[in-house]
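If you use our numbering, the sequence shown corresponds to residues 7 to 472, in order.
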Amino acid sequence: MVDKSARRPSASVPSLGDYDLLSEIQKDPFAPLWAARHTSDAESDKLVLVRSAAVGDLGGELAEEVEQAARWAVDLDHWAVLPVTEAVAADDQLGIVSPYVEGELLSVLLFRANLRRQHFPVAVVMRVALDLLEGLGYLHGQEAPVDTYRYGALSPDNVLVGLDGRARILEPGVTAVLSQAKGWAEEPKRLAYRAPEQLGGSGDFGVAADVFTIGTIIWEMLGKRRLFSGSSADAVIENVLSQPIQRVDGLKVAGMGAITDKIATVVAQALARPTEERLQSVGALVGAIQAASETIGEHEATARYVDELQGQALLDRHRKIERALAAAKRSGPGGELETGGTENEKSKVSAPGPFVAAPSSKGRQPDGVDEDLPGAKRGVVMPGLTPGKGQASSRVLLGRKPLSPEPEARAAEPEVDPVQQSEKAESDKPKGAPPPPKRRAPAVPLADEPPPSRKESAVVTMPAPR
């Protein structure tokens, strides 16, 4: 049973279940993303990310699938994938909870670049693409109760580019289930990143669908506009299935240097509509990008670009959250959480220090936060909760439970390349082949860059005010 005693009524801050939604990271009619805090952490600065998804009645089969996907996502353990740590249903809303990492969604960065008439440097585009491919390679190699948990639901809305320059996949598995929900399944901007075989009605798709999706994301980052657009779901589907796809070396983007024929050919191979003509795995796409790219940016270059493009907005968000947390501590239990503040008060806020993230599923922190902080692990609870006065009815699909006593235990396991895992998963599909190993290990890096140690990247700091 979930403890509701810590719940504080608040007129100024929205909530979902036992989470105060402190600052909206992404405005979205179906599924905005929030920086949030669990009410049991009222005296700390521990934050989480909460995707508040409008899914209508979450009963029946969909609720069971969300629960199953969330259980699967809890065990994911890779720097390029943020696991789901909790799923909470309240009325017609579903809260998908993930560890907090300071950064910005790729969809917001794309919008901001367009607004400021800037372009993504080609080297940064390739770096982001390789990060996503590493995360996808890891997911493709995992054993899952339903194959589609592992692929087929990626879009810039569930890619977070951190202040450390690393791109991470948000809400794996659960997003794949929600893509079937009313609203999500018909939303044009999400359909724009689906592969043709996902929209053709057969429902038969696999790893190659993610290759196509990465192709659309690379094309958009280079072309400064969405590849497949339309005012309705039907219009977008028609464009995905039949619109001529222009090569990226034929795009004219102000301020961007020439895109090489080799890069354009790789993107075209990723975007081939017939699956037999498309690159068949993320490993194949990784190899093609590395062979075709004259320069692949380091994560530091991506971090500088995020700072240049969105640094002030991230700093403003950080300060807003700091004020909300400070107000909550001053008010104490039962007090009202405030997010406002006069301009004079705002001017007195110095350059903020880093927030800490509430611990991930096994007590380990995502890269970029302190792994030694005390916290909670999420477990499974499925009670029907009786709402208190003024509170929405809610239930926890995935709830909290104590930390694993030995979070470092996996360190001794052998390293496995996620790209090789993905390729093996495809080749092992014939009947009778053994499933992928249930235990996972950190991946071998794709480029000539070692993965960060958790001690070395213990904190992601905000840029100083400009």
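Glycine included, each C-beta is placed from N, C-alpha and C at the ideal position.
Spatial neighbours of Ile302 in its own chain (CB-CB distance under 8 Å, excluding positions within 5 residues in sequence) are listed in chain order as Ala129, Met132, Arg133, Leu136, Ile295, Gln296 and Ala453. When DSSP states are grouped into helix, strand and coil, Glu192 belongs to the coil group. Scanning the region 274 to 338 from its first residue to its last, the whole alpha helix (DSSP H) runs of 4-plus residues come out as 288 to 298 and 305 to 337.
The region 165 to 180 makes no contact with the region 17 to 27, as fewer than three CB pairs between them are under 8 Å.
Gly229 carries a helical assignment under DSSP once its states are collapsed to helix, strand and coil. Annotated three-state conformation of Pro20 is coil, per DSSP.
Judged by beta-carbon spacing, Ser29 lies within the 7 Å limit of Ala41, meaning their Cβ atoms are closer than that value. If you look at Ala96, you'll find it in the beta strand (DSSP E) that goes Glu92 to Ala96.
Spanning the alpha carbons of Asp163 and Leu291 requires a straight line of approximately 22 Å.
Per DSSP, reduced to three states, the secondary structure at His125 is coil, with no helix or strand assignment. With contacts defined by Cβ atoms closer than 7 Å, Gly168 and Val90 do not form a contacting pair. Excluding sequence positions up to five before and after Arg284, its CB lies within less than 8 Å of the CB of Ala214, Val217, Phe218, Gln275, Ala276, Leu277 and Ala278, all in the same chain and listed in chain order. Here the C-alpha atom of Glu110 lies approximately 25 Å from the C-alpha atom of Val72. Looking at the DSSP output, Ile102 shares a beta bridge with Arg57 and Ala93.
DSSP places Glu110 in the uninterrupted beta strand (DSSP E) bounded by Gly109 to Leu111.
Along the length of the region 158 to 204, whole alpha helix (DSSP H) runs at least 4 residues long occupy 180 to 184 and 194 to 197, reported in chain order. Between the alpha carbons of Glu304 and Ile31 lies a distance of about 25 Å. In this structure, the CA atom of Arg77 is about 45 Å from the CA atom of Gly263.
The count of Cβ pairs closer than 8 Å, one atom from the region 199 to 208 and one from the region 142 to 152, stays below three, leaving the stretches out of contact. Going by beta carbons, Lys230 and His84 fall outside the 7 Å limit. In the structure shown, the three-state DSSP call for Ala86 is coil.
Rounded to whole angstroms, the gap between the alpha carbons of Gln318 and Ala298 is 34 Å. Nearest to Val183 by C-alpha distance, out of Pro151, Lys195 and Pro194, is Pro151. About 6 Å separates the CB atoms of Ile102 and Ala93; that is less than 8 Å, so the two are in contact. Exposed is the label assigned to Gly256, since fewer than 16 other Cβ atoms lie within 10 Å of its Cβ.
Rounded to the nearest whole angstrom, the CA to CA distance from Thr154 to Glu70 is 15 Å. With a 10 Å radius around the Cβ and a threshold of 16 neighbouring Cβ atoms, Ser113 comes out buried. In this structure, Leu139 sits near Val288, with a CB-CB distance shorter than 7 Å. A direct Cα-to-Cα measurement between Leu176 and Val165 gives close to 6 Å.
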